[in-house]
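Going by my numbering, the residue at position 124 of the sequence shown is 124; the numbering climbs one at a time, nothing skipped. We put the CB at the ideal spot given by N, CA and C, even for glycine. Only a predicted model underlies this, so the values are computations on that prediction, with no experimental measurement involved.
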Amino acid sequence: MWQSLFGKNAERDNTIFEKLKECSLPRHTAIIMDGNGRWAKLRGLIRTAGHTAGVDTLRNIIKTAVDLKLEALTVYAFSTENWKRPAPEVDFLMTLFYDYLKKEISEMKRDNVRLRFLGRIDELAPRLCQLAHEAVDELKDNTGLTLSVAMNYGGQDELLRAVQKIAAAKKENDREITLEDIEKNLDTAGLPPVDLVIRTSGDLRLSNFLIWQTAYAEFWATEKNWPDFAPEDFAQALYDFSHRERRFGGVEAVKC
Ligand code: FPP
């Protein structure tokens, strides 16, 4: 079930970080960073100004995840469907991703962040693709937060590629495909399943994001646009998650 804080943000408890110390946190949190365009429009700015503001939010949320010692954080930066946007906006986003990566690698190294990418990275512009591979390599020995950036990513496309890889590796008389086969061939291989999906900006949908990995994820949404999403909002989502009862299809509640 989606649980939102619609209309409740004014009552938010500022001691939320204190309260979080008592809570068990999700192993893997995934965020749909939506509403950059709406944020800009509300301020009479062009859409791309919202994306620029969104970078600062992302930086703050990653820092918060590091401080909270989260295991895995995955963010949806660019979908396989986002190519339908006007070319100048797509170009702007690609430059933004490049500049962000270039600038943040040393900070991530300091923060012990391991980086991975989900999606068809090799189909991005060669210089972005090369930088992405270099960044992953540079940070591969880190042992803290695993940050995954979904870029040129679609959940259906990821599943299709996984099935194609499995089929290509199968011997002719071996028709069996297991859950493990699929999981091992997804872009997220080795990551824990998603426990919590956060979506900003009020829409209540998954938008082709991690459709396999979110099978038993808890959902949390806010009307705030991504550039307005603060570390306290992130903490509130984690706190609410820790009070959910999960049953994973059974009858016994499994405490988060
Ligand atoms: C959704 O807002 C946002 C995106 C498609 C791009 C996400 C990019 C960032 C948050 C910038 C930082 C990311 C990285 C990896 C450096 P939207 O444009 O769909 O907003 P709207 O729904 O209001 O139009």
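- Residue state for residue 33 is assigned as coil, using DSSP reduced to three classes.
- Apart from the 5 residues on each side of it in sequence, residue 114 sits with its Cβ closer than 6 Å to the Cβ of 139, 142, 146 in its chain, given in chain order.
- Between residue 162 and residue 186 a beta carbon distance of about 5 Å is seen, short of the 8 Å cut, so the two are scored as contacting.
- DSSP, read as helix, strand or coil, puts residue 51 in helix.
- Per DSSP, the continuous beta strand (DSSP E) segment holding residue 148 begins and ends at 146-153.
- Listed in chain order, the beta strand (DSSP E) elements of length 3 or more contained wholly in the segment 191-216 are 196-199.
- In the structure shown, the three-state DSSP call for residue 79 is strand.
- Annotation for residue 154 indicates a beta carbon at 8 Å or more from all heavy atoms of the ligand FPP.
- DSSP, reduced to helix, strand and coil, places residue 74 within a strand of the structure shown.
- With contacts defined as CB atoms closer than 9 Å, residue 220 and residue 34 fail to qualify as a contacting pair.
- Using a C-beta cut-off of 8 Å, the segment 24-39 makes contact with the segment 198-214, since at least three inter-stretch Cβ pairs fall below that distance.
- Straight through space, the alpha carbons of residue 223 and residue 99 are spaced by roughly 28 Å.
- Annotation: residue 192 to residue 250 spans about 20 Å, alpha carbon to alpha carbon.
- Spanning the alpha carbons of residue 252 and residue 91 requires a straight line of approximately 49 Å.
- Counting every other CB atom within 10 Å of its CB across the protein chains shown gives residue 215 a total below 16, marking it as exposed.
- For residue 114, the enclosing beta strand (DSSP E) covers residues 114-118.
- By a beta-carbon distance limit of 8 Å, residue 118 contacts residue 153. Their separation comes to about 5 Å.
- In its chain, beyond the 5 residues on either side, 28, 30, 210, 213, 214, 217 have a beta carbon closer than 6 Å to the beta carbon of residue 194.
- Using a 10 angstroms sphere on the CB of residue 66, the tally of other CB atoms reaches 16 or more, which defines it as buried.
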